[in-house]
Amino acid sequence: MDVEDVAIDLLTRSGNVDEFCEASTSGNVARSIEQFATIGDLRNGLEFESKESAYYFYREYARLVGFGITIKASRRSKRSGKFIDVKIACSRFGTKRESNAAINPRSCPKTGCKAGLHMKRKEDEKWVIYNFVKEHNHEICPDDFYISLRGKNKPAGALAHQKKGLQVSLEEEDLKLMLEHFTDMQEKQPGFFYAVDFDSEKRIRNVFWLDAKAKHDYCSFSDVVLFDTFYVRNKYRIPFAPFVGVSHHCQYVLLGCALIGEESESTYSWLFRTWLKAVGGQAPGVIITDQDKLLSDVVVEIFPSARHCFCLWNVMSKIPDMLNPFVSQDDGFMESFRNCVHSSLTDEQFEKSWSNMIGEFELSKNEWVHSLFKDRKKWVPHYFHGICLAGMCGPERSGSIASHFDKYMNSEATFKDFFELYMKFLQYRCDVEAKDDLESQSKQPTLRSSLAFEKQLSLIYTDAAFKKFQAEVLGVVSCQLQKEREDGTTEIFCVEDFEKRQSFFVSLNKELLDMYCSCHLFEYQGFLCKHAILVLQNSDVSCIPPQYILKRWSKNGENREEKHEKCATIHDRMARFDDLCRRFVKFGEVASLSDEAYMTAIKLLEETLKNCVSVHSSPKSPSEPERLMTSGSIGLDNEGMLDCGSKFSRKKKIQKKRKAYCGPEDATNRSEELRQETEQVSSRAPTFENCYIPQADMEATELSSRAATLGIYYPAQQTIQGFASVSSIQDGYYGHPPTIQAM
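Quick note: the sequence shown uses our numbering, first residue 1, plus one each step.
Put into structure tokens, the structure is as follows:
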């Protein structure tokens, strides 16, 4: 078509976009929506009866996805005056900047977004999608859709007062209760950590917290962590998303808790970074999440050294929705899928089996199936060789440790109900773990077979872990072994399991004693299975190979002593304080079991406190404030502390005259001086953008170099929606300030 035959119309947001399509549309649009029942079918080459049908179809698509649209440009024929070309763009297209002095700044700022639709009229009067761009360069904001239509079908004031983030789930009283709990816990537990994420309008978007016991448990059980979004994805009223671990007693432990107001890349990025900071900067060995591209991208960014795995039960649960109507429960697909996933011993076997399954059920063009194969090393058990998921990633959620918190959750529960059950769970788990520790240390389990394997692990594992292994030892009698073949140093066995009525294949490297069983019990649970035990017994191996005895199941937890054996060399005061807090958590668990243990602990603490005060006041062992004063800096180590040498240099000469604190008056004066200096340093500490982390909790921040904060944080006073009437907020800070006397 000749360009000269065309008149160009530029329609901007200043005009009503619906005027462009004010022609009769009811019939065409209805047929269009019926014809393409799935709005996600939008693609290049799609035809419509009219431009109105195409426009309303794309508008419905924008409403469902959650972005605004506007007519970017259109062209008419000079001869007929009819439209022949139309471009519809995301309302955030362009890069125009708003003036800082603007009275009414744009609700949808320009980001240069390229998403949009370009349609053209064909010679037969039908309209075809010439170019469709799906990706946006900004976070999806559902309000953009209504703003682009200038509040059509929605009251003008609704946008300004619409609830967002956690305000959708929590009332003001809930926020008050939550904040009061945080401040109360921070006063009772010096190691308690919490953070609040705000959106651009200062509304609470996400919340994260971690208590002292969770931080202590993470030191022992960070080898595998599950980030559980089950309650968020299933639309529970309280969007609870915990970080979950497994203790050496095979019990569910919370390693961090979050309430998620929205699922977005910025939310997960903020949450993972905050959690990583709260647990001391050490990433988990394995992190398990739902099968989700958004989560995958964030995990790679925040935890590059961690092994990322998908929940197998999450993958299985998506099959009906993602493959309907291509497959059904009656066509044998699920059986083929399970055989492909669980029966492959080599990469070649899995890939061949997968290819045959895809061809049989004609799924070669399904994008979700392609994504599963691309990420196969994250969810197929064959690729888990060498790692242990500790019972958190099985074929079904109901049989996994991750489901242990489900009985404390109700999809319609209010925050108050959730909070009460959450506190009961913490108390229950604390009591059970303390009793399990005592029983494992004081009682020897009963042996029920003559196998040396059983006695070997009865001396190492906790009672709960040993019972799981013992069940496998006793199950050996229900299995029958047959050697299939031998390939060099590797032998392949077929084990017939009469209890499960199924055959499993076991490979054994005779030199390395490296084993692999197609039941994948060791990868999923962390215990050698009965099929592998039978093969070892048949091969005259007298003890379990060391690589299959996991320290995480030992009576002392995962190397607790080794993790703390370097404490004597800790020179930084804050690191020593944090280490003592972790140790006293465990001390408190055991000492609180009875009145006698409690009274004994109190007497020991009083004696220990006197000894520490005596050492602290001794001229031969000057206190840290004195020693640091002489060096011209306050508590500075490689973790980073604020450089305060210039502030203390003036007191250097005075300090040299003080050999030691001579009495209570001197100690009080020095404590007051240190308090004032600490407040001056702390007041300059920065915060994270759009979030609050109590300064008592922050291990490190950026200020010339990574530096730890020392005291109270007083941010500028501001009114936060949802916190405006909370009585717990005083003097412009959130959270309870730590006692300065401890500094």
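Each residue gets a CB set at the ideal place from its N, CA and C atoms; glycine is no exception.
Straight-line Cα distance separating glycine 488 from isoleucine 358: Here residue 358 refers to the residue found at position 358 when the sequence shown is read from its first residue. Here residue 488 refers to the residue found at position 488 when the sequence shown is read from its first residue. Those two C-alpha atoms are separated by around 34 Å.
Extent of the continuous alpha helix (DSSP H) to which leucine 177 belongs: Reading the sequence shown from its first residue, position 177 is the one you call residue 177. Here the alpha helix (DSSP H) through leucine 177 covers 172 to 188.
Continuous alpha helix (DSSP H) stretch holding aspartate 321: start and end: One-based indexing of the sequence shown puts residue 321 at position 321. Taken as a continuous stretch (DSSP letters only), the alpha helix (DSSP H) holding aspartate 321 covers 312 to 323.
For glycine 475, the three-state DSSP class (helix, strand or coil): Here residue 475 refers to the residue found at position 475 of the sequence shown. In the structure shown, glycine 475 sits in a helix (DSSP, three-state: H, G or I).
Lysine 555 vs leucine 177 beta-carbon contact at 8 Å: One-based indexing of the sequence shown puts residue 555 at position 555. One-based indexing of the sequence shown puts residue 177 at position 177. Not closer than 8 Å, so no.
For glycine 66, three-class secondary structure by DSSP: Locating residue 66 in the sequence shown gives position 66, where the first residue counts as 1. In this structure, glycine 66 counts as coil in the three-state DSSP scheme.
Residues of its chain near alanine 214, where Cβ-Cβ distance is below 7 Å and the 5 sequence neighbours each way are ignored: Stepping through the sequence shown from its first residue, residue 214 is reached at position 214. Around alanine 214: Leu254, Leu255, Gly256.
Cα-Cα separation between tryptophan 209 and phenylalanine 193, rounded to whole angstroms: Within the sequence shown, the letter at position 209 stands for residue 209. Within the sequence shown, the letter at position 193 stands for residue 193. Each residue's alpha carbon lies about 6 Å from the other.
Bounding residues of the alpha helix (DSSP H) (the contiguous stretch that carries threonine 274): On the sequence shown, residue 274 is found 274 positions in, with the first residue counted as 1. That run of the alpha helix (DSSP H) goes 265 to 278.
Nearest-angstrom Cα separation, counted from asparagine 44 out to proline 239: For the purposes of this step, residue 239 is identified with residue 239 of the sequence shown, where counting begins at 1. For the purposes of this step, residue 44 is identified with residue 44 of the sequence shown, where counting begins at 1. Approximately 37 Å, taken between the alpha carbons.
Beta carbon of valine 224 nearer than 8 Å to that of alanine 390: For the purposes of this step, residue 224 is taken as the residue at position 224 of the sequence shown. For the purposes of this step, residue 390 is taken as the residue at position 390 of the sequence shown. Closer than 8 Å, so yes.
Glycine 332 classed as buried or exposed, judged by whether at least 16 other C-beta atoms fall within 10 angstroms: To locate residue 332, count along the sequence shown from 1; it is residue 332. When all chains shown are included, glycine 332 counts as exposed.
Beta-carbon spacing of isoleucine 533, valine 473 below 8 Å: Here the question's residue 533 lines up with position 533 in the sequence shown. Here the question's residue 473 lines up with position 473 in the sequence shown. Against a cut-off of 8 Å, the Cβ pair of valine 473 and isoleucine 533 comes out as a contact.
6 Å Cβ shell around serine 542 - same chain, five flanking residues per side excluded: Numbered from 1 along the sequence shown, position 542 holds the residue referred to as residue 542. Correct list, in chain order: Ala452.
Straight-line gap, lysine 407 to glutamine 525 (C-alpha atoms, nearest Å): Taking the first residue of the sequence shown as position 1, residue 407 is located at position 407. Taking the first residue of the sequence shown as position 1, residue 525 is located at position 525. About 22 Å.
Cβ shell of aspartate 514 (< 6 Å), same chain only, five flanking positions each side left out: To locate residue 514, count along the sequence shown from 1; it is residue 514. No residues qualify anywhere along the chain.
At least three beta-carbon pairs within less than 8 Å, the stretch 425 to 439 to the stretch 334 to 348: no
Cβ pair isoleucine 88, arginine 75 closer than 8 Å: Looking up residue 88 in the sequence shown gives position 88. Looking up residue 75 in the sequence shown gives position 75. It is not a contact, given that the beta carbons lie outside the stated cut-off.
Span of the alpha helix (DSSP H) around lysine 455: Counted from its first residue, the sequence shown places residue 455 at position 455. That run of the alpha helix (DSSP H) goes 452 to 458.
Alpha helix (DSSP H) segment containing histidine 118, residue limits: Locating residue 118 in the sequence shown gives position 118, where the first residue counts as 1. Element bounds for histidine 118: not the alpha helix (DSSP H) but the beta strand (DSSP E), 116 to 121.
Touching by the beta-carbon criterion (3+ pairs, under 8 Å), the stretch 295 to 304 and the stretch 313 to 321: no
For arginine 583 and serine 442, the rounded distance between their alpha carbons: For this step, residue 442 is matched to residue 442 along the sequence shown. For this step, residue 583 is matched to residue 583 along the sequence shown. Taking the straight line from one Cα to the other gives about 21 Å.
Glutamate 396 versus asparagine 314 - alpha carbon distance: The count along the sequence shown starts at 1 and reaches residue 396 at position 396. The count along the sequence shown starts at 1 and reaches residue 314 at position 314. Cα to Cα, the separation comes out at about 8 Å.
Where alanine 258 falls: helix, strand or coil (DSSP): Here the question's residue 258 lines up with position 258 in the sequence shown. Correct three-state label for alanine 258: strand.
Arginine 75 (DSSP reduced to helix, strand or coil): As a working note, residue 75 is residue 75 in the sequence shown. In the structure shown, arginine 75 sits in a strand (DSSP, three-state: E or B).
Residue closest to leucine 438, alpha-carbon to alpha-carbon, out of Glu125, Ser592, Lys188, Ser148: Translated into positions along the sequence shown, residue 438 becomes position 438. Considering only alpha carbons, the answer is Ser592.
Residue from Asp436, Tyr461, Val477, Ser440 whose Cα sits closest to the Cα of serine 450: As a position in the sequence shown, residue 450 is number 450, starting the count at 1. Minimum Cα distance to serine 450 is reached at Val477.
Spatially closest choice to tyrosine 236 from Val246, Cys219, Glu262, Asp217, by CA coordinates: Translated into positions along the sequence shown, residue 236 becomes position 236. Ranking the options by Cα distance to tyrosine 236, first place goes to Glu262.
Top-ranked residue by Cα proximity to phenylalanine 522, from Glu172, Thr229, Phe310, Ile549: On the sequence shown, position 522 is the one that residue 522 refers to. Selected option, being the one with the closest Cα: Ile549.
Contact under 8 Å by Cβ, alanine 258 with valine 207: Translated into the one-based positions of the sequence shown, residue 258 becomes position 258. Translated into the one-based positions of the sequence shown, residue 207 becomes position 207. Yes, the Cβ-Cβ distance between alanine 258 and valine 207 is below 8 Å.
Segments of 4+ residues assigned as alpha helix (DSSP H) that fall wholly inside the stretch 502 to 569: 521 to 525, 530 to 538, 560 to 564
Residue environment, methionine 629, which counts as buried when at least 16 other CB atoms sit within 10 Å: The residue given as residue 629 occupies position 629 in the sequence shown. Summary for methionine 629: the model assigns pLDDT 31, below 50, so the residue's position carries little reliability, and this model does not support an answer.
Proline 190 to glutamine 456 span [Cα, whole Å]: Along the sequence shown, one-based indexing puts residue 190 at 190. Along the sequence shown, one-based indexing puts residue 456 at 456. Rounded to whole angstroms, proline 190 to glutamine 456 spans 41 Å at the Cα level.
Helix, strand or coil at valine 232 [DSSP, three-state]: Residue mapping note: residue 232 aligns to position 232 of the sequence shown, counting from 1. Here valine 232 sits in helix by DSSP.
Unbroken beta strand (DSSP E) run spanning glutamate 496, endpoints: On the sequence shown, residue 496 is found 496 positions in, with the first residue counted as 1. 490 to 497 is the extent of the beta strand (DSSP E) around glutamate 496.
Reference histidine 531; option with closest CA among Arg501, Asp497, Pro545: The residue labelled residue 531 in the question sits at position 531 within the sequence shown. The shortest C-alpha separation from histidine 531 is found at Asp497.
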